[in-house]
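In what follows, a single structure is set out as C-alpha cells and then discussed.
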Amino acid sequence: MLRAQRARLLAVTLSGAIALAAPTPAGAEDTEPAVVTNGTFSAPTVPSGQTWAFTVDGWTGAGVASATRAAHPQGYQAALTSNNGKSVPLSTRVRGVRAGATVTLTWDDNPDSCVGTGNAKRTYTVTVAGDSDQTGSFTTNNPVSKASWFIGRTYSFTAAEDAPELTFTSTVADNPGCGPLITNVAAKQTAPPLGPPKPSKDNDPCAGDAASSPACKDVADNKTQISKCPPNNKDCLASVAGDGKAQNDGIAKETQAVDDFGKVPRDEDPNQASSDLCTLPDALTDGVPPGDTVVPPHDWWLC
C-alpha cells in the first residue's frame, strides 16, 4: 500500500511539472507596443445626425459607423467591412514592427444591428503578408437586430516584412452588404534580435554596372587570389598585394619634405630688414621738397 501511494505521488508530481513546462501559447509573450493608426476609428468623426462616413483615416476600406450606430460599450466608432451590397476589405499597416517580430492583434467585433435575429452570424477573415502566416477565420456573436459586441478577439503572427499589412475581409454569404463591424484594434509585439548590419549596395563603388570596370575587376581578382593564400604565407600574399615599396617610398619622400621645410630660416637681421623697409619711401619722396613732407623718410626711426 505504501509503495502504491508513493507511485501515485510521483505521478502527480511529474504531471504538475509537465503542466508547468508546457509551451506558452503563441503571442502570449508579446508585450511591447506596436502602432495601429486610428485603431478606434475616431477619424473622421461622423457628423451628428448621420450614421456613416464613407472614408476612414489611416486605413483603406468602406468607411466608419457613428458611435451611435456602433453602440460599442466604450463609445467607439467602428469600421465597416461592406458597402453597396458587397464586401470591402479593411486594411492598414502595423507600424513600428520589423520583419521577424511576433505580433499579437486584439480587436472587438459586432454583427451590426442591420442583421435581424435568426440570421446567420457574420463571418470574416484576418490576413497578413507572408506565406507562413495562416489566415485567421472569425465569427461574430449571434445577430439580435442590435449591437452584440464580442470584446477581445486575438490573432498572432510572425511579421514577414517591416510594417506588415493587416486586412479584415467580410466573408458573409447572406446579405453581404451587412458585414461585421470592427473597432478597438491594437497590437503588441516581441521584436526580433538585432543582427549584424547589412552592407548597403549604395555604398559599394563596385556594385551594379561598375563591377565590370577595370579597377573593380582588379579588386575582385585580388580578393579571389588572396582568399587562396594561407594566412601565414607572406610570399603568397605579397605576390597579390605587392611588397609595399611604392607606398614606403612615398612615405619617405613626405618625411624628407617635412624635414626640409623645418630647416628653412624664419628670421632676418633687423638692420637689413629696416634697410629694405626704407628703400621704397626714400625713392618715392626723393624729388619732393623738404617743406612738402611732414617727416622725411630718412628721419623715420627705422631709417
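Using the numbering used here, you'd call the opening residue of the sequence shown number 1071 and step up by one each time.
Note that beta-carbon positions come from the ideal geometry of N, C-alpha and C, so glycine has one too.
| query | result |
| --- | --- |
| Same chain, Cβ closer than 6 angstroms to ARG1165, neighbours up to 5 away in sequence not counted | VAL1105 and ALA1233 |
| Beta-carbon proximity check, THR1195 vs THR1241, cutoff 8 angstroms | yes |
| Local conformation of THR1325 per DSSP, three classes | helix |
| Contact check, ARG1192 vs PRO1250, beta carbons under 8 angstroms | yes |
| C-beta contact flag for PRO1263 and GLY1155 at 8 angstroms | no |
| CYS1248 versus TYR1225: straight-line alpha-carbon distance, rounded | 23 angstroms |
| Candidates THR1121, SER1136, GLU1099 and ASP1100, of which the one nearest GLY1111 by Cα | A quick correction: the sequence has Phe, not Gly, at residue 1111. Measuring from the Cα of PHE1111, the nearest candidate turns out to be SER1136. |
| Within 8 angstroms, strictly: CB atoms of ASN1153 and GLY1128 | no |
| Buried versus exposed call for GLN1147 [16 or more other C-beta atoms within 10 Å across all chains shown] | buried |
| Where ILE1252 falls, given that 16 or more other Cβ within 10 Å makes a residue buried | buried |
| Reference LYS1216; option with closest CA among GLU1231, ARG1139, ALA1256 and ASP1329 | ARG1139 |
| The alpha helix (DSSP H) enclosing ARG1139, as first and last residue numbers | 1137–1140 |
| In chain order, each beta strand (DSSP E) run of at least 3 residues that lies wholly inside the stretch 1173–1261 | 1193–1198, 1206–1209, 1220–1228, 1235–1240 and 1251–1260 |
| Whole-angstrom distance between TRP1219 and TRP1177, CA atom to CA atom | 10 angstroms |
| Cβ distance (whole Å) where ASP1244 is taken to contact PHE1227 below 8 angstroms | That pair is no contact at about 29 angstroms. |
| Classification of ARG1078 by the beta-carbon crowding that lies within 10 angstroms, buried from 16 upward | Because ARG1078 carries a pLDDT of 43, less than 50, the predicted location of this residue cannot be relied on, and no value is offered for it. |
| C-alpha distance - ALA1190 paired with ASP1274, whole-angstrom precision | 60 angstroms |
| Residue environment, GLY1133, which counts as buried when at least 16 other CB atoms sit within 10 Å | buried |
| ASP1100 versus GLY1170 - alpha carbon distance | 13 angstroms |
| Cβ distance (whole Å) where GLN1259 is taken to contact VAL1167 below 8 angstroms | 6 angstroms |
| Of the listed residues GLN1326, ALA1149, ASP1329 and ASN1254, nearest to TRP1122 (C-alpha basis) | ALA1149 |
| Cβ neighbours of ALA1092 in the same chain (closer than 6 angstroms, five flanking residues each side left out) | For ALA1092, the predicted structure reports a pLDDT of 33, less than 50, and the residue's modelled location is therefore unreliable. A value from the coordinates is still provided. Here the set comprises nothing. |
| Those residues which DSSP pairs with ARG1165 across a bridge | VAL1105 |
| With 16 other Cβ atoms within 10 Å as the buried cut-off, status of PRO1359 | exposed |
| ASN1318, DSSP secondary structure in three states | helix |
| Neighbour-count burial assignment, ALA1257, 16 or more Cβ in a 10 Å radius | buried |
| Cβ-Cβ separation, ASP1182 to PHE1208 (assumed contact under 8 angstroms), whole Å | That belief does not hold up - the Cβ atoms of PHE1208 and ASP1182 are roughly 14 angstroms apart, past 8 angstroms. |
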